[in-house]
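Heads up: the sequence lines are chains A and B, in that order. So in our numbering, spot 112 of the first sequence is number 115, and the numbers just go up one at a time. So in our numbering, spot 606 of the second sequence is number 612, and the numbers just go up one at a time. Glycine included, each C-beta is placed from N, C-alpha and C at the ideal position. All figures in this text were calculated on a predicted structure; none of them were measured in a lab.
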Amino acid sequence: MIRALLAVLVALPGYHYEFPRDHFSHPDFQTEWWYYTGNLKAADGHRYGFELTFFRQAIDRATPRASAWDVDDAWLAHLALSDIDGHRFQHWERLNRSGPGLAGASQELARVWNGNWKVQWNGSKQELQAVTDRFTLRLTFESQKPPVIHGVNGVSQKSAGRGNASHYISFTRLITAGTLEENGRTVALSGTSWMDHEFFTHQLADNQTGWDWLSLQFNDNTELMLFRLRHKDGSIDPYSAGTFINARGAGVHLTSKDFALTPGGRKYGPYPIEWRVQVPSLGIDVRATTRLDEQEMTSYWEGAIELTGTRTGAGYLEMTGYRGPFQIQP
Amino acid sequence: MIPRLRVFHQLVLRPMLREPARTALTVFAVALGVGVVLAIDLAGTAAAGSFHSSMDALAGDADLEVTATGGVPDRVAGILATLPYDLDVRPRIEDFATVVASGRTVPLIGVDLLKGGLDRKYGSLTVADQFQSHDRKGVVWIAAGMGAKKGDRIALVVGERVGEYTVAGMLDGDAILMDIATASRDLGRGDRIDTILVKTPAQPGAEEWARRLQSALPPGVEVRPQGSRTSENRRMLAAFRWNLRVLSYIALVVGAFLIYNTISVSVVRRRPEIGITRALGASRAGVLLVFLAEAAVFGAAGAVAGIALGRAMAVGSVRLISSTVESLYVSSQPAAIEITGASVLLAFTIALVVTVLAALSPALEASRVSPVEAMSRGQREYVAQVHKGRDLMIAAILGAAAALAWHGPPIEGKPIFGYAAAVLLIGCSAFAIPALVSGLSIVSSRLLRALLGVEALLASRSLAASLRRTSVLVGALSTAIAMMTAVGIMVGSFRETVLIWMDNQLKADLYLRPGGRTSADRHPTLDPGLPAQIAALSGVVAVDPFRAYETSYQGLPATFGSGNISVALRFGRARFLSGRNAEDVLPELRGQDAAIVSEPFANKHRVRRGDRIVLPLGDRKVAFRVADVYYDYANERGYVIVDRATMLKYLPDPAASNVAVYLRPGASANTVRGEIERIAAGRKILILSNSNLKADAIKVFDRTFAITYALEAVAVVVAVMGIAGALLALVIDRRREFGLLRFLGASTAQIRKLILVEAGLLGLLANVAGLALGLVLSLLLVFVINKQSFGWTIQFHWPVAVLAGALTVVYAATVLAGLYPARIATRLNPIEVVHEE
Chain A
4 MIRALLAVLV
14 ALPGYHYEFP
24 RDHFSHPDFQ
34 TEWWYYTGNL
44 KAADGHRYGF
54 ELTFFRQAID
64 RATPRASAWD
74 VDDAWLAHLA
84 LSDIDGHRFQ
94 HWERLNRSGP
104 GLAGASQELA
114 RVWNGNWKVQ
124 WNGSKQELQA
134 VTDRFTLRLT
144 FESQKPPVIH
154 GVNGVSQKSA
164 GRGNASHYIS
174 FTRLITAGTL
184 EENGRTVALS
194 GTSWMDHEFF
204 THQLADNQTG
214 WDWLSLQFND
224 NTELMLFRLR
234 HKDGSIDPYS
244 AGTFINARGA
254 GVHLTSKDFA
264 LTPGGRKYGP
274 YPIEWRVQVP
284 SLGIDVRATT
294 RLDEQEMTSY
304 WEGAIELTGT
314 RTGAGYLEMT
324 GYRGPFQIQP
Chain B
7 MIPRLRVFHQ
17 LVLRPMLREP
27 ARTALTVFAV
37 ALGVGVVLAI
47 DLAGTAAAGS
57 FHSSMDALAG
67 DADLEVTATG
77 GVPDRVAGIL
87 ATLPYDLDVR
97 PRIEDFATVV
107 ASGRTVPLIG
117 VDLLKGGLDR
127 KYGSLTVADQ
137 FQSHDRKGVV
147 WIAAGMGAKK
157 GDRIALVVGE
167 RVGEYTVAGM
177 LDGDAILMDI
187 ATASRDLGRG
197 DRIDTILVKT
207 PAQPGAEEWA
217 RRLQSALPPG
227 VEVRPQGSRT
237 SENRRMLAAF
247 RWNLRVLSYI
257 ALVVGAFLIY
267 NTISVSVVRR
277 RPEIGITRAL
287 GASRAGVLLV
297 FLAEAAVFGA
307 AGAVAGIALG
317 RAMAVGSVRL
327 ISSTVESLYV
337 SSQPAAIEIT
347 GASVLLAFTI
357 ALVVTVLAAL
367 SPALEASRVS
377 PVEAMSRGQR
387 EYVAQVHKGR
397 DLMIAAILGA
407 AAALAWHGPP
417 IEGKPIFGYA
427 AAVLLIGCSA
437 FAIPALVSGL
447 SIVSSRLLRA
457 LLGVEALLAS
467 RSLAASLRRT
477 SVLVGALSTA
487 IAMMTAVGIM
497 VGSFRETVLI
507 WMDNQLKADL
517 YLRPGGRTSA
527 DRHPTLDPGL
537 PAQIAALSGV
547 VAVDPFRAYE
557 TSYQGLPATF
567 GSGNISVALR
577 FGRARFLSGR
587 NAEDVLPELR
597 GQDAAIVSEP
607 FANKHRVRRG
617 DRIVLPLGDR
627 KVAFRVADVY
637 YDYANERGYV
647 IVDRATMLKY
657 LPDPAASNVA
667 VYLRPGASAN
677 TVRGEIERIA
687 AGRKILILSN
697 SNLKADAIKV
707 FDRTFAITYA
717 LEAVAVVVAV
727 MGIAGALLAL
737 VIDRRREFGL
747 LRFLGASTAQ
757 IRKLILVEAG
767 LLGLLANVAG
777 LALGLVLSLL
787 LVFVINKQSF
797 GWTIQFHWPV
807 AVLAGALTVV
817 YAATVLAGLY
827 PARIATRLNP
837 IEVVHEE
């Protein structure tokens with residue numbers, strides 16, 4: 004539905020990252036997203052997972068603006084709350100234009116938001132707020148590690164060709180505390196979250212149909228991010244890659260040769276919801292499983308997982324393109 | 007039951023059927039009265055009662071509305087959207103668009119369709135439709151019946167320009183929907199929108215939510231329960247509709263006179279039968295019921311015919327009423343005229359109540375007829391004569407009560423006491439007329455004989471003789487004439503006042519305003535650069551940009567406007583209630599938080615010179631000192647006018663709603679107009695010369711009062727028909743008398759002359775009485791009822807030509823109404839009639 008190539012920039016090697024600027028919007032790129040996921044616990048041990056994602060999609064750069072209402076960008080946002088011990092998955096989505104402050108990612112305001120779903124930067128802290136008709140979730144994130152830039156030379160290549168790549172930044176260990184207000188009850192929560200921020204103009208190549216992505220937070224204070232790009236014929240793209248983050252926060256780039264992602268037998272619809280993750284060079288061989296099968300959003304599966312094996316921990320699993328090619332727009 | 011039915015048949019049905027023409031006339035008179043009331047009710051509901059349909063088009067189920075004078079700053083939508091509450095925030099642009107092909111104007115609503123895509127549906131819009139809504143080429147959703155279908159291109163006048171839009175889909179509801187970005191661009195709204203509707207959670211209630219939201223927003227922005235604007239407008243229109251409804255009862259009052267007259271005639275004529283029936287054992291109550299039943303038959307038949315008539319007349323009046331509403335109050339989208347169960351009930355209720363009440367007195371009289379008494383005819387007139395003194399007493403009491411009510415204050419903006427005074431005055435004249443008729447007949451009989459001969463003498467005598475009957479006729483006609491005269495004088499005075507005011511107020515040579523639909527509550531603007539470009543023309547000496555905004559004061563809509571004080575001082579001739587000069591008043595406004603307010607505004611809100619009024623402007627609430635109150639007849643909403651610099655301080659949009667252009671002496675208006683047309687090429691702009699503007703304004707004025715004239719005309723038609731019917735009854739009643747006259751040698755020509763003279767006398771009496779009563783009523787209308795309802799000061803003027811014309815027509819109609827009865831009378835066979843003796 005995107006009429007033409009709107010963005011002027013593509014993700015190229017050598018991009019000069021600058022923070023906090025690069026935590027916010029990059030309107031010269033076509034697509035951008037900010038993903039917050041995390042595993043949380045109440046004081047009584049009740050487990051929750053959450054996802055709050057802000058998507059930006061460039062719509063028009065050619066027409067001069069007549070008012071704040073002109074749709075230069077469409078902002079989509081997804082919110083999900085996985086009540087793991089309550090066996091309940093709830094999710095919402097919303098679509099907005101930038102409008103007069105309806106949605107955006109502004110360095111000036113130190114805020115990424117879509118309506119009253121927002122992440123406000125406050126010094127080194129990030130404060131998440133998400134209001135729905137059922138609950139209000141408020142979380143504060145404090146990063147234990149500096150942001151990680153994935154890929155090589157500042158680009159995370161997704162397929163062959165100049166610019167078929169993204170700029171990809173993560174906070175891999177966000178110490179999280181907050182509250183969930185639901186039905187007049189306030190539950191205090193704590194845990195660990197992960198934040199991905201990615202912006203790009205070209206992503207999937209024509210023969211790519213989707214991806215499987217994992218963020219793994221091990222109990223030994225290391226993290227692992229892996230993604231596997233799938234072809235229409237079922238084969239795996241050699242541009243699949245990952246990053247290992249050691250306890251001090253340094254990232255190690257992994258190519259598709261460095262790891263193996265193997266789906267297990269358990270499925271939810273078309274989605275394989277258990278995986279074996281192997282990185283021989285790091286001595287990692289873990290099983291990722293979920294206690295809540297039905298963590299499916301409108302067009303992808305994204306849910307909290309647990310890790311057992313050579314290392315233990317928790318994380319998030321995202322699988323796209325199993326029900327038709329993935330696209331951001333509804 | 008059987009005997010009573012038989013009595014009803016004998017005393018009522020048979021005579022009714024025997025005189026189908028008279029029966030039909032009476033029924034028609036009732037039908038006309040009922041029809042007018044129903045028509046005004048239906049048309050008023052369709053035109054004035056439905057004005058909310060345009061504002062509320064596609065409003066959905068919101069709980070609160072956010073508004074601000076000068077439009078809601080769009081960032082307010084951002085503030086609301088980010089509040090930590092589960093709100094559905096729906097920013098809206100509301101305007102009108104005209105479909106070029108059909109010329110039809112419909113509400114144009116701009117909403118956030120992109121956001122709406124995920125959680126709401128507009129008509130049959132799909133999510134896929136919504137996603138292309140931001141297409142900047144311009145896509146619209148339209149209703150069926152606008153002459154285009156999905157995929158077509160449709161030309162629409164939106165704002166100043168004509169644009170081509172692609173129809174993306176069809177809507178339920180009579181409106182055009184577009185994305186708010188398209189609407190903002192094509193209407194040039196900049197950073198303002200018209201309203202934001204907000205849906206809140208059910209708890210803790212709309213008021214608490216309004217309070218919470220208000221505390222998060224700038225003070226000039228108002229958060230109110232949804233529908234507040236609509237109910238404000240409805241409240242504003244209540245007095246207008248109420249006055250209209252009261253006017254519509256005039257025809258009914260006249261109809262009541264006629265019923266009274268018809269039943270009276272029945273009673274008088276059937277005295278012998280009543281006597282016989284009573285002698286045969288019918289009870290008093292039976293006789294009373296029978297005559298009330300006769301009235302009820304007229305009422306029911308009148309109601310049935312009245313409903314059909316009312317429906318037809320409503321179609322004619324709805325456009326008139328809605329154009330009045332538009333020019334005086336608020337944009338209106340007339341709804342379909344609907345006959346509901348309630349309107350049928352209304353028709354039957356008023357018809358039956360009015361006819362039965364009107365018949366009560368003659369029916370009671372009938373029930374008092376004793377079996378023995380019912381023999382002679384003279385007895386009744388004698389009784390009427392005896393009551394003359396008592397009637398004059400009653401008239402005096404009613405007159406005194408009217409004088410008291412005259413000074414009563416308005417109740418909730420409605421001149422209840424004023425109308426009570428009017429009713430009392432009519433009652434007063436109804437009781438005074440018998441004395442007037444008899445007095446006149448004594449004084450004039452000699453004069454008439456000298457002037458018109460023996461037939462006139464006979465006519466005059468017979469008039470006084472059957473006083474009771476004729477006084478009711480004169481009463482009916484004079485009431486109708488009085489209403490007509492009073493309204494004629496009021497409207498004539500008003501018109502003259504407005505003409506003089508316009509001559510004072512409108513001094514510029516050319517006026518510019520955006521083309522397209524106008525109404526009192528809408529202020530589309532011109533290109534902001536235009537005034538300066540025009541001022542630079544060589545033939546132009548000054549321009550005065552006038553800017554108006556919708557605002558509300560004390561829960562009622564008003565207009566907030568500004569102009570250039572220097573230009574107004576140089577050319578304007580505004581007149582003030584205090585009697586001060588513009589040179590003294592206007593400089594007080596310059597750059598200050600001071601305002602002048604229009605007379606209707608001052609009256610409505612009881613604001614006087616020196617008071618402070620607080621208006622929400624943009625983000626703030628601003629207090630203005632009232633420098634003076636000025637005479638204004640432009641609309642009834644009321645104006646608050648400040649210096650342009652003051653307005654720009656609070657509402658910085660420089661665009662003007664209209665521009666007055668003053669020419670250099672000797673400059674050609676046509677040349678300058680041509681130059682302006684070149685500057686404004688491609689825009690929908692209306693350029694009016696001074697005389698164009700005045701002519702347009704007076705056209706609006708006349709259209710506004712057209713409905714009033716129509717109501718008066720109906721009342722007069724009803725009354726004249728009554729005269730015809732009653733004369734007919736008199737002829738039939740007095741056939742023995744005519745027969746005897748003929749037998750004694752009177753020619754048919756003499757008989758005709760006799761009846762025509764009688765009709766002429768009736769008409770003359772009614773005209774004189776009506777004119778006198780009308781003059782008093784017009785003073786009441788001008789100085790009490792109008793002042794209390796609308797707050798305008800009207801200078802009293804005699805619309806001599808109009809009145810003379812109308813009265814002549816009425817008089818001629820009355821005399822002509824005697825032609826048919828006269829024909830009947832001349833056809834009487836003298837031998838046969840006398841034989842009856």
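If residue i and residue j are in contact, beta carbons under 8 Å, what's the gap, nearest whole angstrom?
i	j	result
Val726(B)	Ala819(B)	5 Å
Thr201(B)	Thr73(B)	5 Å
Ile495(B)	Ser784(B)	4 Å
Ile791(B)	Val665(B)	That pair is no contact at about 37 Å.
Gly245(A)	Leu227(A)	7 Å
When the Cα atoms are used, what is the spatial distance from residue i to residue j?
i	j	result
Phe174(A)	Met198(A)	5 Å
Arg97(A)	Ile693(B)	48 Å
Ala356(B)	Ala45(B)	At residue 356(B) the sequence reads Ile, which differs from the Ala that was named. Approximately 13 Å, taken between the alpha carbons.
Leu770(B)	Pro440(B)	14 Å
Leu38(B)	Ala262(B)	11 Å
Ala7(A)	Tyr639(B)	Because Ala7(A) carries a pLDDT of 44, less than 50, the predicted location of this residue cannot be relied on, and the following value inherits that uncertainty. Cα to Cα, Ala7(A) sits roughly 57 Å from Tyr639(B).
Arg20(B)	Val774(B)	38 Å
Leu131(B)	Leu119(B)	Residue placement at Leu131(B) is flagged as unreliable, the pLDDT there being 46, under the threshold of 50; the coordinate-derived value follows with that caveat. Approximately 10 Å, taken between the alpha carbons.
Gly597(B)	Phe707(B)	34 Å
Leu219(B)	Asp625(B)	14 Å
Tyr715(B)	Pro658(B)	45 Å
Gly226(B)	Pro622(B)	4 Å
Phe14(B)	Glu279(B)	12 Å
Gln298(A)	Asp86(A)	10 Å
Arg314(A)	Ala291(A)	11 Å
Glu277(A)	Glu35(A)	28 Å
Gly312(A)	Ala263(A)	15 Å
Gly680(B)	Leu699(B)	17 Å
Among all the DSSP beta bridges, which residues are the ones paired with residue i?
i	result
Phe202(A)	Glu35(A), His170(A)
Lys44(A)	Arg50(A), Ser193(A)
Ile170(B)	Per the sequence shown, the amino acid found at residue 170(B) is Glu instead of Ile. Glu170(B) is bridged to Ala161(B).
Pro97(B)	Ile202(B)
Glu184(A)	Thr139(A), Thr189(A)
Based on Cα-Cα distance, which residue from the options lies nearest to residue i?
i	options	result
Ile729(B)	Lys759(B), Val816(B), Leu595(B), Leu760(B)	Val816(B)
Ala174(B)	Ala161(B), Thr188(B), Asp180(B), Lys155(B)	Lys155(B)
Arg741(B)	Asn773(B), Ala828(B), Val443(B)	Ala828(B)
Leu777(B)	Glu594(B), Arg709(B), Ala810(B)	Ala810(B)
Gly157(B)	Glu166(B), Leu48(B), Trp147(B), Val163(B)	Trp147(B)
Leu105(A)	Leu657(B), Lys121(B), Glu594(B)	Lys121(B)
Tyr517(B)	Ile691(B), Val429(B), Val591(B)	Ile691(B)
Glu166(B)	Met152(B), Pro534(B), Glu594(B), Leu298(B)	Pro534(B)
Stretch-stretch touch, CB-based, cutoff 8 Å, three pairs: the stretch 355-368 of chain B with the stretch 302-318 of chain B: As far as the Cβ criterion goes, the stretch 355-368 of chain B touches the stretch 302-318 of chain B, which means the pair count is three or higher.
Using 8 Å as the threshold, is the stretch 185-204 of chain B in touch with the stretch 57-73 of chain A, meaning 3 or more CB pairs across them? The stretch 185-204 of chain B makes contact with the stretch 57-73 of chain A: 3 or more CB pairs, one atom from each, lie closer than 8 Å.
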